[in-house]
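Only one structure is covered here, and it is reproduced in the block below.
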């Protein structure tokens, strides 16, 4: 804000995230709020609609009133195309038009939106009323596309971080700390330092067996707490088998978006459970891939390519008023 003030300009008032389903648009909005320290007010589109006359508009006013009271804040409209379609395009158009008009009034009406940012997410940006997309409203359109290889590798790494994988060095650590309670586990990780990569040899060197017959945590909780403690101390644990598996899976999952990759990892775990094994192997992921299909395909890619061109440089010329052309 200080830099924008020094430049003599106001920050963008609204940001619309659009892209294929399952690419993490809602997650990105939450991350923005978390990193900025702003209060996050999520709104699912249909939540605003009411059968009573005037109730939907009142709900919109209350949301913006609350946002001003707790500013800095972010109002996030998920599935915004469901409450702000092109006017006159839906069967129940009057109710939706009234909601849209109220949102437009709140966004750039007489009452200033000081320290309040509006974010929206949609899979169908071409269905959103053009009035919302003009400068001063949703004047930043951000495309959230399918993850590339490196992105898929990181996403898979997140979803398998708590899983017991075949050949993983983490499994050896979890057996080593079997008798440690949560405090002792925290002390062990603290000995490893911060902001560096650690190996299993360093963990073994720092490990001190507990005195007596201490009762440790369950295997699953030990694994989860150890990984979380490493993250809290910004430590990277060297686990070649886990890293190799993430890279292999990333290479064989082109077209998978974030939600597909999450489903793939969950399905692999379920297959391992049915098999009665204590670890998840690569074969389980390969079998899971036959059940979980990618969201992205050529038709969907072409559709979003056209959408990107449609919105490139702001509003398309055919819907711009003369002064914007």
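Residue numbers (my numbering): 104 to 428. Note that the Cβ used here is the ideal one computed from N, Cα and C, for glycine as well.
- Annotation: the continuous beta strand (DSSP E) that includes residue 142 extends over 142-147.
- Cβ atoms of residue 252 and residue 354 come within 8 angstroms of each other, at about 7 angstroms.
- Rounded to the nearest angstrom, the gap between the Cα atoms of residue 396 and residue 260 is 19 angstroms.
- Taking a cut-off of 8 angstroms on C-beta distances, the segment 327-343 does not touch the segment 209-228, as fewer than three cross pairs fall below it.
- The residue from 173, 200, 371, 343 with its alpha-carbon nearest to that of residue 156 is 200.
- By the neighbour-count definition (other C-beta atoms within 10 Å, threshold 16), residue 126 is a buried residue.
- The Cβ-Cβ distance between residue 148 and residue 185 falls below 8 angstroms.
- Around the beta-carbon of residue 137, fewer than 16 other beta-carbon atoms lie within 10 Å, marking it exposed.
- In the DSSP assignment, residue 110 falls within the unbroken alpha helix (DSSP H) covering 105-110.
- By the Cβ test, the segment 164-176 is in contact with the segment 204-218, since at least three Cβ pairs between them sit closer than 8 angstroms.
- One Cα belongs to residue 231, the other to residue 183, and the distance between them is close to 7 angstroms.
- Comparing alpha carbon positions, the residue from 131, 383, 270 closest to residue 372 is 383.
- Taking the C-beta atoms as reference points, residue 122 is found nearer than 8 angstroms to residue 248.
- Contact annotation: residue 107 and residue 245 have beta-carbon atoms that are not nearer than 8 angstroms.
- Counting of Cβ neighbours within 10 angstroms places residue 130 among the exposed residues, the total staying below 16.
- In the displayed model, residue 232 falls within coil according to three-state DSSP, outside both helix and strand.
- Non-local beta-carbon contacts of residue 285 in its own chain, meaning distances under 7 angstroms to residues more than five positions away in sequence, involve 320, 328 in chain order.
- In this structure, DSSP gives residue 338 an extended state, which the three-state scheme calls strand.
- The residue among 166, 400, 378, 370 with its C-alpha nearest the C-alpha of residue 389 is 370.
- Residue 241 has 117 as its beta-bridge partners, per DSSP.
- Taking C-beta atoms as the reference points, residue 181 and residue 221 fail to come closer than 8 angstroms.
- Going by C-alpha positions, residue 151 is about 38 angstroms away from residue 335.
- A Cβ-Cβ separation of about 7 angstroms places residue 351 in contact with residue 385 under the 8 angstroms criterion.
- Proximity of the segment 261-275 to the segment 336-347 meets the contact definition, three or more beta-carbon pairs being nearer than 8 angstroms.
- Less than 8 angstroms separates the beta-carbon of residue 349 from that of residue 263.
- Taking residue 338 as reference, the option from 113, 356, 368, 297 with the minimal CA-CA separation is 297.
- Under the DSSP assignment, residue 222 falls in the beta strand (DSSP E) whose first and last residues are 219-225.
- For residue 252, the uninterrupted alpha helix (DSSP H) run begins and ends at 252-262, by DSSP.
- Taking the Cβ atoms as the reference, residue 258 lies roughly 6 angstroms from residue 361, within the contact range of under 8 angstroms.
- In the displayed model, residue 310 falls within coil according to three-state DSSP, outside both helix and strand.
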